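K.L.:
My structure is below; once you've seen it, I'll send some questions.
Protein chains: 2
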Amino acid sequence: MSMRGEVAVIGVGMTKFGEHWDKQLRDLFVEAALEAIEDAQVDLRDIKAMFIGNMGSGLWVEQEHLGPLLADYLGIPGTPSLKIESACASSGMAFRLGVISVAVGLYDIVLVGGVEKTSDVTHGESIHHLASVADREWEAFYGMTLPALFALIAKRHMMQYGTTREQLAKVAVKNHKHGSYNPKAQFQRPISIEDVLNSPLVADPLRLLDCSPISDGAAVAIIARSDIARKFTDTPVYVLGSGVATDTIALHDRDDITTFKSIVLAAREAYKMAKVEPKDINVAEVHDSFTIAEILAYEDLGFVKKGEGGKLIDEGVTELGGKIPVNTSGGLKARGHSPGATGIAQIVEIVLQLRNDAGKRQVSNAEIGLTQNIGGSGASCVIHIFGNKR
Amino acid sequence: MSMRGEVAVIGVGMTKFGEHWDKQLRDLFVEAALEAIEDAQVDLRDIKAMFIGNMGSGLWVEQEHLGPLLADYLGIPGTPSLKIESACASSGMAFRLGVISVAVGLYDIVLVGGVEKTSDVTHGESIHHLASVADREWEAFYGMTLPALFALIAKRHMMQYGTTREQLAKVAVKNHKHGSYNPKAQFQRPISIEDVLNSPLVADPLRLLDCSPISDGAAVAIIARSDIARKFTDTPVYVLGSGVATDTIALHDRDDITTFKSIVLAAREAYKMAKVEPKDINVAEVHDSFTIAEILAYEDLGFVKKGEGGKLIDEGVTELGGKIPVNTSGGLKARGHSPGATGIAQIVEIVLQLRNDAGKRQVSNAEIGLTQNIGGSGASCVIHIFGNKR
Numbered sequence: 084m085s086m087r088g089e090v091a092v093i094g095v096g097m098t099k100f101g102e103h104w105d106k107q108l109r110d111l112f113v114e115a116a117l118e119a120i121e122d123a124q125v126d127l128r129d130i131k132a133m134f135i136g137n138m139g140s141g142l143w144v145e146q147e148h149l150g151p152l153l154a155d156y157l158g159i160p161g162t163p164s165l166k167i168e169s170a171c172a173s174s175g176m177a178f179r180l181g182v183i184s185v186a187v188g189l190y191d192i193v194l195v196g197g198v199e200k201t202s203d204v205t206h207g208e209s210i211h212h213l214a215s216v217a218d219r220e221w222e223a224f225y226g227m228t229l230p231a232l233f234a235l236i237a238k239r240h241m242m243q244y245g246t247t248r249e250q251l252a253k254v255a256v257k258n259h260k261h262g263s264y265n266p267k268a269q270f271q272r273p274i275s276i277e278d279v280l281n282s283p284l285v286a287d288p289l290r291l292l293d294c295s296p297i298s299d300g301a302a303v304a305i306i307a308r309s310d311i312a313r314k315f316t317d318t319p320v321y322v323l324g325s326g327v328a329t330d331t332i333a334l335h336d337r338d339d340i341t342t343f344k345s346i347v348l349a350a351r352e353a354y355k356m357a358k359v360e361p362k363d364i365n366v367a368e369v370h371d372s373f374t375i376a377e378i379l380a381y382e383d384l385g386f387v388k389k390g391e392g393g394k395l396i397d398e399g400v401t402e403l404g405g406k407i408p409v410n411t412s413g414g415l416k417a418r419g420h421s422p423g424a425t426g427i428a429q430i431v432e433i434v435l436q437l438r439n440d441a442g443k444r445q446v447s448n449a450e451i452g453l454t455q456n457i458g459g460s461g462a463s464c465v466i467h468i469f470g471n472k473r
Numbered sequence: 084m085s086m087r088g089e090v091a092v093i094g095v096g097m098t099k100f101g102e103h104w105d106k107q108l109r110d111l112f113v114e115a116a117l118e119a120i121e122d123a124q125v126d127l128r129d130i131k132a133m134f135i136g137n138m139g140s141g142l143w144v145e146q147e148h149l150g151p152l153l154a155d156y157l158g159i160p161g162t163p164s165l166k167i168e169s170a171c172a173s174s175g176m177a178f179r180l181g182v183i184s185v186a187v188g189l190y191d192i193v194l195v196g197g198v199e200k201t202s203d204v205t206h207g208e209s210i211h212h213l214a215s216v217a218d219r220e221w222e223a224f225y226g227m228t229l230p231a232l233f234a235l236i237a238k239r240h241m242m243q244y245g246t247t248r249e250q251l252a253k254v255a256v257k258n259h260k261h262g263s264y265n266p267k268a269q270f271q272r273p274i275s276i277e278d279v280l281n282s283p284l285v286a287d288p289l290r291l292l293d294c295s296p297i298s299d300g301a302a303v304a305i306i307a308r309s310d311i312a313r314k315f316t317d318t319p320v321y322v323l324g325s326g327v328a329t330d331t332i333a334l335h336d337r338d339d340i341t342t343f344k345s346i347v348l349a350a351r352e353a354y355k356m357a358k359v360e361p362k363d364i365n366v367a368e369v370h371d372s373f374t375i376a377e378i379l380a381y382e383d384l385g386f387v388k389k390g391e392g393g394k395l396i397d398e399g400v401t402e403l404g405g406k407i408p409v410n411t412s413g414g415l416k417a418r419g420h421s422p423g424a425t426g427i428a429q430i431v432e433i434v435l436q437l438r439n440d441a442g443k444r445q446v447s448n449a450e451i452g453l454t455q456n457i458g459g460s461g462a463s464c465v466i467h468i469f470g471n472k473r
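As given, the protein sequences belong to chains W and B, one line each in that order.
Here the working numbering is used: the first residue of the first sequence is 84, the next is one more, and so on.
Here the working numbering is used: the first residue of the second sequence is 84, the next is one more, and so on.
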């Protein structure tokens, strides 16, 4: 069977991303879930299963077994509920599994969510925990961190394709501008190219303002069988395509570090299922954990040819008002990056755009949207394509 | 659609459970996977997706992102692969998701596995890590550990139903006897009731020999669409039923701690899908993390009425040669309990039994088998029912 159009998103919700000193992981999840449930106009008891994306609750808050914990705290103990982990792509993957479980006919209505609480430890510990998504034995053990891995990719991309330091900065500037229109964004303050170029060096050539923050947050979507979706909402958003792939865990095992093969493979599956091409996408949320990652996403998603991602940002194609606005939410850079929640936060934004509910950052006439969510330095990737028509 | 009989297990493999000082998590997984692949007679490239159960790789070995890591080390980078966490029920849940993804038509052949490496830290750290499957804020923080939680359950069951200390001991004695026939078991040494009663007290009334070990290990099953299964094997084992449920995370929030509601609910779903009743089960692997847990499993699976689990063990019904042999592998107690791998290890045993491949511990004429896998103190449960006829 094809899953195309079988499942619809009928409600979304999310917390503001940021530093939530006064809330636990479970509180963040429940806040986002209740917003999504209200948006979907479903009864709590209509939810027949939960799929929760989370990267590191074991490491960050020493709590596993999130599935039952969060069903319990949401008020529906008993409900099937489990945790999916694929680093920063955890909740994108959870979304896919939720879609599959509805498509197979197991459940009519499912809650898919993502959550992460990272701010209860020191920054040093957080960086150490984050490195658990790289190869602990052959990368992290020797001192590689996520910024260092992406710095290698950026250096190589600049050398091979002439991508400039300024082009990287423009990604952050664009996403901060978009974030300034999003009340749920962690950073709602526009920045300049000079701000980026003068920010502290993290891993050459990447500076502080090239890096997304590591945020607390939660995001939730309620999905349903498409043929019952209109009972709950006048604006269901249909899942047209879904793709997933992996790559070697370590960067040094790849033929070419200027491309994420996982994006290329996942995109191929998603475009094929959705029966659309890159040129059909009206709005996209991509995984800009670092500015270079957004450049790679443009290329590996087929928005431009390999090496031309820098040109795309120069030409303003991916800004609000351009042909394919990218990261209208502010992206990981400005909306914030809560590893377990980012994948669904991307979906929340695309659903709002396709419902024409995105307020000041609305893309006009958006009919087809895409989300692209990677884990670590691209060892996993999950992509979804949505449409407001079936 | 009904998933009944749509998917078959075509190969299984597992490491010996125990203390594997000379092997990393990735080595254990690859060893089990290669055994399963050889057993299934599939080519590595036939595997189109991987679902990996793991409870605590973040905590125990500071490695997340196991999906791509393990696909990479198995030699098939690129393959969709992710990690599922539901405490000690992680790989039972991974199995269910693999089955769903085949049933929906996404993949023909899928690898489902479980792995855990626990012995690289101190026992104290391990106990702390394990407590992450209970409610960290309202149980573990106040000093509750897994043995303590199960001790409360045992005390209450003894008071309410007259279950005796000797009956608990008999569970361990039976499972050690079964384990002595299993070359993959961690403990292959029979023990006596006196051994159990004289072993050190852990949490009254539970003694050391009432508790399963926390083991290193990995287990893998290869599953396929039933209509192609006979291309690979003459003895496919069909998935007839699957059920999953949760309960409150904390024991103190339950109406009755002598029953695991998650087992009752998951069993109802699995029996219904499989169209069988408890009396039809010829052989079962149940989650005896502590001896009392096996008694509860008898009752909550419907093998006997609530409160009569102790009687069942007295009568020898669940021993090899009895009417429903339980834990012929040795169970968690003697085969070993590697949290992320236990769910699939149970499935390995039932598959061997239904193929008539279980050697000295073979149950004669076994046609229908059941696996029951719980997370933590029963906050999640997953059950599968298998048959050697479709």
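Every residue gets a Cβ at the ideal spot worked out from N, C-alpha and C, and that includes glycine.
Nothing here was measured: the structure is a model prediction, and the numbers come from that model.
Might you give, ordered along the chain, the residues of its own chain that have their beta carbon closer than 7 Å to the beta carbon of B:F315, omitting 5 neighbours on each side?
P.N.:
Here the set comprises I93, A123, Q124, V125 and A307.
K.L.:
How is B:H467 classed by DSSP in three states: helix, strand or coil?
P.N.:
DSSP places B:H467 in strand when its eight states are reduced to three.
K.L.:
CB-CB under 6 Å to W:G175, same chain, minus the five flanking residues each way: which ones, in chain order?
P.N.:
So the list reads G426, N456 and V465, once near-sequence residues are dropped.
K.L.:
Taking the runs of the beta strand (DSSP E) that are 3 residues or longer, which of them lie wholly in the region 237-304 of chain W?
P.N.:
For the region 237-304 of chain W, whole beta strand (DSSP E) runs of length 3 or above, ordered along the chain, are 284-286.
K.L.:
Taking the runs of the alpha helix (DSSP H) that are 4 residues or longer, which of them lie wholly in the region 350-397 of chain W?
P.N.:
The region 350-397 of chain W contains these whole alpha helix (DSSP H) runs: 374-383 and 392-397.
K.L.:
Mind checking the region 171-183 of chain B against chain W and listing, in chain order, the residues whose C-beta falls within less than 7 Å of any C-beta there?
P.N.:
Result list: M176, L180 and I183.
K.L.:
Shortest alpha-carbon distance to B:V90 belongs to which of B:Y321, B:P288, B:A304 and B:T98?
P.N.:
When each option's Cα is compared against that of B:V90, the closest is B:Y321.
K.L.:
Can you list, in chain order, the residues of its chain with a C-beta nearer than 6 Å to that of B:Y381? Leave out the 5 residues immediately preceding and following it.
P.N.:
Excluding sequence neighbours, B:Y381 sits near V387, G392 and L395.
K.L.:
According to DSSP, is W:L415 helix, strand or coil?
P.N.:
Three-state DSSP puts W:L415 in a helix.
K.L.:
Give a yes or no on whether the minimum CB-CB distance between W:Q146 and chain B is below 8 Å.
P.N.:
Answer yes: the Cβ-Cβ gap between W:Q146 and chain B drops below 8 Å somewhere.
K.L.:
Within a Cβ cutoff of 6 Å, which residues of the same chain sit near B:T228, ignoring the five residues on either side of it in sequence?
P.N.:
So the list reads I210 and A214, once near-sequence residues are dropped.
K.L.:
Taking the alpha carbon of W:K131 as the point to measure from, which residue in B:I451, B:Y264, B:E352 and B:I407 has its own alpha carbon closest?
P.N.:
When each option's Cα is compared against that of W:K131, the closest is B:E352.
K.L.:
Quick one: Cα of B:V303 to Cα of B:Q429, how far?
P.N.:
If you take the alpha carbons of B:V303 and B:Q429, they lie about 10 Å apart.
K.L.:
Comparing alpha-carbon positions, which option in B:P319, B:G459, B:D105 and B:A376 lies nearest B:V434?
P.N.:
Among B:P319, B:G459, B:D105 and B:A376, the Cα nearest to that of B:V434 belongs to B:P319.
K.L.:
What residue range does the beta strand (DSSP E) around W:A91 cover?
P.N.:
V90 to M97 is the span of the beta strand (DSSP E), which, as asked, contains W:A91.
K.L.:
Hey, B:S468 and B:G324: beta-carbon distance below 8 Å or not?
P.N.:
It should be noted that the sequence gives Ile, not Ser, for residue 468 of chain B. In this structure, B:G324 lies closer than 8 Å to B:I468 by Cβ.
K.L.:
Three or more C-beta pairs under 8 Å: does that hold for the region 258-266 of chain W against the region 397-413 of chain W?
P.N.:
Counting Cβ pairs under 8 Å, three or more are found: they touch.
K.L.:
For a contact meaning CB atoms closer than 8 Å, what does B:K166 contact in chain W?
P.N.:
I167, E168 and S169, listed in chain order.
K.L.:
Decide if W:E121 is buried, meaning its Cβ has at least 16 other Cβ atoms within 10 Å, or exposed.
P.N.:
Per the 10 Å Cβ criterion, exposed.
K.L.:
Measure the Cβ-Cβ separation of W:I192 and W:I305 and say whether it is below 8 Å.
P.N.:
Yes, the pair counts as a contact, with Cβ atoms nearer than the cut-off.
K.L.:
Give a yes or no on contact between the region 232-239 of chain W and the region 263-282 of chain W, applying the rule of three or more CB pairs nearer than 8 Å.
P.N.:
No: fewer than three Cβ pairs fall under 8 Å.
K.L.:
Write down every uninterrupted run of the alpha helix (DSSP H) in the region 129-179 of chain B whose length is 4 residues or greater and which is fully enclosed by it, in chain order.
P.N.:
The region 129-179 of chain B contains these whole alpha helix (DSSP H) runs: 140-144 and 149-157.
K.L.:
According to DSSP, is W:Y321 helix, strand or coil?
P.N.:
In this structure, W:Y321 counts as strand in the three-state DSSP scheme.
K.L.:
Determine the closest residue to B:N471 out of B:K406, B:V400, B:Q436 and B:L157, with distance taken between C-alpha atoms.
P.N.:
B:N471 has its Cα closest to that of B:Q436, out of B:K406, B:V400, B:Q436 and B:L157.
K.L.:
Taking 8 Å as the cut-off, does the region 141-150 of chain W touch the region 438-447 of chain W (at least 3 CB pairs, one atom from each stretch)?
P.N.:
Contact fails: fewer than three Cβ-Cβ distances are below 8 Å.
K.L.:
With 16 other CB atoms within 10 Å as the buried threshold, where does B:H335 fall?
P.N.:
It counts as exposed.
K.L.:
Distance cutoff 8 Å, beta carbons only. Does B:G459 sit that close to anything in chain W?
P.N.:
Yes, because at least one Cβ of chain W sits closer than 8 Å to the Cβ of B:G459.
K.L.:
Any idea what DSSP makes of W:T342, helix, strand or coil?
P.N.:
In this structure, W:T342 counts as coil in the three-state DSSP scheme.
K.L.:
Counting only Cβ-Cβ distances shorter than 8 Å, please list the residues of the region 296-327 of chain W near chain B, keeping chain order.
P.N.:
Taking 8 Å as the Cβ-Cβ cut-off against chain B, the residues of the region 296-327 of chain W that qualify are V327.
K.L.:
In terms of residues, what are the limits of the beta strand (DSSP E) holding W:I457?
P.N.:
Segment I451 to G458, the beta strand (DSSP E) holding W:I457.
K.L.:
At what residues does the beta strand (DSSP E) containing W:E199 begin and finish?
P.N.:
Element bounds for W:E199: I192 to E199.
K.L.:
So, with DSSP's three-state summary, where would you put B:T425?
P.N.:
Note: B:T425 maps to helix in three-state DSSP.
K.L.:
If you compare alpha carbons, which of B:K362, B:P288, B:A367 and B:G150 is closest to W:I167?
P.N.:
Nearest option by C-alpha distance: B:G150.
K.L.:
Can you tell me the Cα-Cα spacing of B:N356 and B:S85, whole angstroms?
P.N.:
Before going on, a small fix: residue 356 of chain B reads as Met here, not Asn. Taking the straight line joining both Cα atoms gives about 7 Å.
K.L.:
From W:A116, W:L152 and W:V113, pick the residue whose C-alpha is nearest to that of B:S463; which is it?
P.N.:
For B:S463, the nearest C-alpha among the options comes from W:L152.
K.L.:
Should W:D218 be flagged as near chain B, meaning a C-beta pair shorter than 8 Å?
P.N.:
So, interface residue.
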